[in-house]
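Peer 1: Input: one structure, supplied below.
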Amino acid sequence: MTERSNANAVHTAAQARAFTAWQDYIQKHSPQPVQYDSKLEHLAAVTLGSGTGTVAQFGVDAGLSLRMLSACRPRQQVMGFDAWHLKGPGLPDRWTGNFDHSRSFTWTQEAHREMALSMPDNVRLVPGLFEQQQIRDVMGTSPASVIHIDCDTGPATSTVLEAIRPNLVVGTMIVFDEYANYPGWREHEHGAWTKFAGQNSVQYQYWGICHMDVSVRITSIGRNA
Ligand SMILES: C[S@@+](CC[C@H](N)C(=O)[O-])C[C@H]1O[C@@H](n2cnc3c(N)ncnc32)[C@H](O)[C@@H]1O
-4 MTERSNANAV HTAAQARAFT AWQDYIQKHS PQPVQYDSKL EHLAAVTLGS GTGTVAQFGV
56 DAGLSLRMLS ACRPRQQVMG FDAWHLKGPG LPDRWTGNFD HSRSFTWTQE AHREMALSMP
116 DNVRLVPGLF EQQQIRDVMG TSPASVIHID CDTGPATSTV LEAIRPNLVV GTMIVFDEYA
176 NYPGWREHEH GAWTKFAGQN SVQYQYWGIC HMDVSVRITS IGRNA
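Mapping to the working numbering: the sequence shown position 112 is 107, numbers consecutive.
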């Protein structure tokens, strides 16, 4: 066995275990979520089907899915938070999921400027490493309709969830992009969400699933949240 074929075999075995664990989990917690063919179809269905309120994405990169959010909500501002060039290469926190992200999501100031200029008029980009006070200042206290969390790692997801706690209400939809179905999925967005929900008395239903992405609908929320 070569180093490459060994790496492939290890990954295939780990992925198979993750798939089984995730299927067992979702069957137990939500026997019949809506199944989508693609993550963009899933995100669009959630956004078009949700009520009025703030729409924000955490983890934008080049903005593929943010552009779709903006097209789904042409008459309101849609916000996108990301560090872009205001960080080093890769993700700010260690990713232990499906493949190496240590050189991904690397931006120069110039590349970010060009990307920002190409965004639709109803998009507001908020550059910077996620920081609770900055997120709260931008988000205010308006109820959230759709929150798209696509920052991959547990620490970043926890920072975002704590910051947007005042915006979460019954009916808020949260779409997590790397929630499950990969090796180590319990450590990242899933782990951050279940911990946050437990600490803040948030009840929720799994609403839709695709490959690794999951949407949840908040059904009740503790008074302090
Ligand atoms: C998977 S990409 C987002 C993909 C994007 N939503 C799309 O549709 O293509 C993850 C992004 O999260 C951002 N990110 C992760 N952790 C962050 C943090 N702590 N602060 C700011 N941005 C962060 C990264 O900079 C990266 O651009």
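Beta carbons: idealized from backbone N, C-alpha and C, even for Gly. Bear in mind that the values here come from a model prediction, so they are computed numbers and not experimental data.
Just how far apart, CA to CA, sit Phe125 and Phe100?
Peer 2: Position 130 of the sequence shown, counted from the first residue, corresponds to residue 125. Position 105 of the sequence shown, counted from the first residue, corresponds to residue 100. Distance between the alpha carbons of Phe125 and Phe100 is about 15 Å.
Peer 1: Based on Cα-Cα distance, which residue from Ser0, Ser65 and Ile144 lies nearest to Asn117?
Peer 2: The sequence position of residue 117 within the sequence shown is 122, counting from 1. Of the candidates Ser0, Ser65 and Ile144, the one whose C-alpha sits nearest the C-alpha of Asn117 is Ser65.
Peer 1: Do Cys146 and ligand 1 come close, with the Cβ less than 7 Å from some heavy atom?
Peer 2: Mapped onto the sequence shown, residue 146 falls at position 151. Checking every heavy atom of ligand 1 against the Cβ of Cys146, one is found closer than 7 Å.
Peer 1: With burial defined as no fewer than 16 other Cβ atoms inside 10 Å of the residue's Cβ, what is the status of Met(-4): buried or exposed?
Peer 2: For the purposes of this step, residue -4 is taken as the residue at position 1 of the sequence shown. Flag for Met(-4) reads exposed.
Peer 1: Using the rule of at least 16 other Cβ atoms within 10 Å of the residue's Cβ for burial, across every protein chain shown, is Asp132 buried or exposed?
Peer 2: In the sequence shown, residue 132 corresponds to position 137, counting from 1. The residue in question, Asp132, is exposed, as its Cβ has fewer than 16 Cβ neighbours within 10 Å.
Peer 1: Between the Cα of Gln72 and the Cα atoms of Thr49, His24, Lys82 and Trp79, which residue gives the shortest distance?
Peer 2: The residue labelled residue 72 in the question sits at position 77 within the sequence shown. The residue with the shortest Cα to Cα distance from Gln72 is Thr49.
Peer 1: Could you round the C-beta distance between Gly123 and Ala51 to whole angstroms and report it? I think they count as a contact, below 8 Å.
Peer 2: Residue 123 sits at position 128 when you count from the first residue of the sequence shown. Residue 51 sits at position 56 when you count from the first residue of the sequence shown. The pair is not a contact, with the Cβ atoms about 14 Å apart (cut-off 8 Å).
Peer 1: Taking 8 Å as the cut-off, decide whether the C-beta atoms of Met168 and Arg212 are in contact.
Peer 2: Sequence index remark: in the sequence shown, residue 168 carries index 173 (1-based). Sequence index remark: in the sequence shown, residue 212 carries index 217 (1-based). Yes, Cβ-Cβ distance for Met168 and Arg212 is below 8 Å.
Peer 1: Check Ser210 in the structure and name its three-state DSSP category.
Peer 2: Sequence index remark: in the sequence shown, residue 210 carries index 215 (1-based). The answer is strand: DSSP assigns Ser210 an E or B state.
Peer 1: Taking all protein chains shown into account, decide if Asn3 is buried (16 or more other Cβ within 10 angstroms of its Cβ) or exposed.
Peer 2: Here residue 3 refers to the residue found at position 8 of the sequence shown. It is exposed - the Cβ of Asn3 has fewer than 16 other Cβ atoms within 10 Å.
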